[in-house]
Every structure is written in C-alpha cells, then in structure tokens.
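Below: the structure, in structure tokens.
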Amino acid sequence: MENPNPKFLIFIPLLLVTNLFTLFIASTYYSSNCIPDFNITPTTTTTTTEDQTLPPEFIAATSPQRLPLGFNRNFDSDTIQPPAGSACTLFPADLRRFMSYPVNGSCPDDELLSQRLLLKGCEPLPRRRCRPAAAPESSPPTPLPESLWSTPPDDSVVWTAYRCKSYTCLINRSRLQRGFDDCKDCFDLNGREKHRWIQQQSNGLDFSIDDVLKTRKPGSVRIGLDIGGGVATFAVRMRERNVTIVTTSMNLNGPFNSFIASRGVIPLYLSISQRFPFFDNTLDIVHSMHVLSNWIPETMLHFLLFDVYRVLRPGGLFWLDHFFCVGDQLDKVYGPMIESIGFRKVKWVTGKKLDKGPQFQEMYLSALLEKPFQNSW
Ligand SMILES: *[C@@H]1O[C@H](CO)[C@@H](O)[C@H](O)[C@H]1NC(C)=O
Ligand SMILES: *[C@@H]1O[C@H](CO)[C@@H](O)[C@H](O)[C@H]1NC(C)=O
Ligand SMILES: *[C@@H]1O[C@H](CO)[C@@H](O)[C@H](O)[C@H]1NC(C)=O
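Counting from 1, one number per residue, gives the positions in the sequence shown under UniProt numbering.
Encoded structure:
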C-alpha cells in the first residue's frame, strides 16, 4: 500500500475543476476509465404505487462491486457483494423509506423506523450515504472516570425516537410514568443500578461479580461481552476490575447506546438475532441478564447458545443471569437445551420469579457455565 491510489489522485483535480453535479455515473460497477465510480445522483422520492420496488440506494449499497485490483485470492473472487440482512427485501415499504435520502446530504431523523426494520430481521441494515441526525450542538463528554457514574448532557442525544426528551425525565420515569418500559429505572445511576452485581442477594440467584471472578485465576478474565446489557453497568463494574466488556443494546424507548458511550464503555448496536462479531475461542466471559428468556424462539435460542460457546475461549465463562421462563419449561425445554451445549456447570441456581405474582408460575435460572479447557471441539 505504499503508492497512493492513482484513481484518487485523478479524482482530486477533477473535484477542483468540475461542478460535482456533472459527475453522475449511472453504473454501480467499476468503470475502467478512471472516473470515480460512485453515483451521487439523488435518489427518487417515495411514491406509494412504487412500494413493491427496491429503492435505488438499496440497490447501489448491495449490488456486486468489481474489485478494482481484480481477482483476490483471499476472497476467491473478483467481486464483493456488500451485505444487508437477507430479510430487508421482505419489507419494501420500510426499506424504501429507510433508503430514501439525498446522497451526500442529511439522513432523515428515522431511528424508530430503522430500529424496527432491524429488529424484524433487516440486520445488518444496509449502509447509507448520508449524515445521521445529531443535536445541533453537543458538548464534549464528561471525562473518565467521572463519566462512568454521571448523567450525560442532554445534548449528546437525538431524542426524537423516545417518549422522554431529557435524562431527567428518564431518571424520573420509574416513579412518574405508568406502564412497562425496558430497563425502566436503569437511567437512574443512584438507584438500583448502583447495587447490581456488587452484593450477593439471599435468594442465591444474584451472583456478585467478585464471587464470579474468584472462580478464576486473578487477571485471567480480561475481555468479554454483555448481551442486552441495558445501560452497561455490568461493563462499568467490570472496568473497575480491569476487565473490558462490550455491551450489546437496542434503543427501546431510551437512548441506551448513547448513554453507554457517554459513560465511556463500548456499546454494540446489535440485536440477539445477529451472529456475534467475534472470532472463535476469543472471549474470557459472556454475560447476559434478563434478555435471554422464553420470548426468544427455541431454534433461535439454540443457535444463540452455540454462538456463545463459539466465541468463548476454552475455560471461558458464560454467566447466564436470571434466565426466565414459565412453569415446567425450565425442566422440559430450556434446562436440557442449555445442558446440551457442552458447558461444565460451575453454579446452577433456580428459583421462583415473583415480581408479577406467584400465579404466573415464573421461574428463574442463574448459571455460571464454563467452556471446557479440554476437548471443547
Ligand atoms: C458533500 O457534502 C459536503 C458537505 O455538505 C460538501 O462540502 C461537498 O461538496 C459535497 N460533495 C459532493 C460530491 O456533492
Ligand atoms: C423529575 O422529578 C423531580 C422531583 O420529583 C421534579 O422536580 C422534576 O420536575 C421532574 N422532571 C421531569 C423532567 O419530569
Ligand atoms: C487495575 O489496573 C491498575 C493499573 O494496572 C492497578 O493499579 C489496579 O490495582 C487494578 N485494579 C484491580 C481491581 O485489579
């Protein structure tokens, strides 16, 4: 890579001497005449009669692209097929709205639409060529380590997609708003959040981080993943113990990803449907609280558990924290499924989930599972 890309060198003078709107190139394929091969034609706007056709920007984003330097042995191909979730095209109307924007302009402020599209199965979302909605002005983040336990400034968030329009409202909502919200009281860092995973509770289901780390050689738990980790307090507590955790989270009626980033730990905007973006046998720990439970279709959960096993290194820990289900599902379905993956049980505690009332017969399982050091394959 010692030579600058010759195409780029030619592009710069072109940029200077031409009105760029004369540079429309219709073909999505690489053209060999040294003219930059991107298309900045604004896409056509939505009309209801066209809802069954795919938007031009989606086609541009996902069409096969010829590799400029030809056949690549690593790819075993001369072409790259830019990915988007295979289910994207099942929702042409939403996809059309998502992919309709001025190229090189501002994206629509459409977080709600894009998250719904993603959750339905259009994951990964296709890339776009526009700038995402952002607050008109934002202040720099609170510095570490204060950021870990401070409420970030409101101007770090685009609030359009959420019922609350400020962090004060999110902090107040468990007291002042009716109805269910995912992780409703999580934004209040001085409330319940402060005590999670610090002390073992009497019910035996709440393991403490220190008890879990004590099962390993000091320092041997270094990196990991928290699946559906709310506001990433698990990652913050682990960081305080020199463990680096990335946290997957959706923005379900709250700016979870922005909040996690403002705290100074890493949010991964990834649903539970998606293959984990880690290589085999790499992570020391995978944790998940509440999100893994009986709302997930069984086959999907089976694949997910194998994916957890895949990314954990031999000797790595899977901390399944408060998995819940109803009645005899634990004995009949989920217990056997989890046991069948190949983990060794370090801890396995079941108990009744009583927050909705005993008549719902809900059950919890908290387990600490180890991928075997030997013969894990
Ligand atoms: C893209 O947008 C930027 C910022 O608005 C502008 O400066 C630039 O000229 C645009 N480029 C093209 C190719 O239109
Ligand atoms: C939050 O609650 C406090 C105390 O109850 C109240 O003074 C404040 O107005 C509330 N703020 C919002 C945005 O709801
Ligand atoms: C974390 O690492 C720092 C710097 O290496 C060290 O001083 C500190 O004692 C460590 N903290 C814990 C809880 O291990």
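Yeah, the Cβ is synthetic: ideal placement off N, Cα and C, and Gly gets one too.
So does residue i have its beta carbon nearer than 8 Å to some heavy atom of ligand 3?
| i | result |
| --- | --- |
| E339 | no |
| R241 | yes |
Determine, using beta carbons only, whether residue i and residue j come nearer to each other than 9 Å.
| i | j | result |
| --- | --- | --- |
| I285 | G264 | no |
| P152 | P141 | yes |
| L330 | L354 | no |
| A133 | M99 | no |
| N257 | A161 | no |
| F303 | M363 | no |
| Q274 | P314 | no |
| L283 | L225 | yes |
| L125 | L117 | yes |
| S249 | A232 | yes |
| I227 | V103 | no |
| G85 | C130 | no |
| Y334 | L312 | no |
| K371 | F207 | no |
| F58 | R96 | yes |
| F318 | H287 | yes |
| P255 | L268 | no |
| residue 381 | S63 | Nothing about residue 381 can be read from this structure; the chain reaches only from 1 to 377. |
| D211 | Q201 | no |
| G351 | L205 | yes |
| L67 | D78 | yes |
| F360 | M289 | no |
| G230 | C183 | yes |
| I266 | M238 | no |
| S376 | G342 | yes |
| residue 387 | T89 | The displayed coordinates of the chain run from 1 to 377. Any statement about residue 387 would go beyond what the structure contains. |
| I296 | L320 | no |
Is it the case that the CB of residue i approaches a heavy atom of ligand 1 more closely than 8 Å?
| i | result |
| --- | --- |
| G105 | yes |
In the DSSP output, what is residue i paired with across the bridge?
| i | result |
| --- | --- |
| Q319 | In the sequence on display, residue 319 carries Trp and not Gln. H287, L368. |
| W377 | DSSP lists no partner for W377. |
| N72 | S77 |
| G229 | G229 is not bridged to any residue. |
| E362 | V326, K353 |
| G105 | C130 |
| I245 | G224 |
| K345 | L369 |
| R66 | T79 |
| I266 | V246 |
| L312 | L283 |
| S293 | F324 |
Which whole-angstrom value is the C-beta distance of residue i and residue j, which I expect to be below 8 Å?
| i | j | result |
| --- | --- | --- |
| T244 | R222 | 7 Å |
| D109 | V158 | 7 Å |
| N251 | Q115 | 6 Å |
| L369 | K332 | With 8 Å as the limit, L369 and K332 do not qualify as a contact, their Cβ atoms being about 20 Å apart. |
| D185 | R192 | 6 Å |
| V291 | I272 | 6 Å |
| D188 | S166 | Actually they do not touch by this definition, with Cβ atoms about 13 Å apart. |
| R127 | Y101 | In fact, because the Cβ distance is near 12 Å, the residues do not count as touching under 8 Å. |
Please check if any C-beta of chain D sits within less than 9 Å of the C-beta of residue i.
| i | result |
| --- | --- |
| D210 | Included in the structure is just one protein chain, with no chain D present. |
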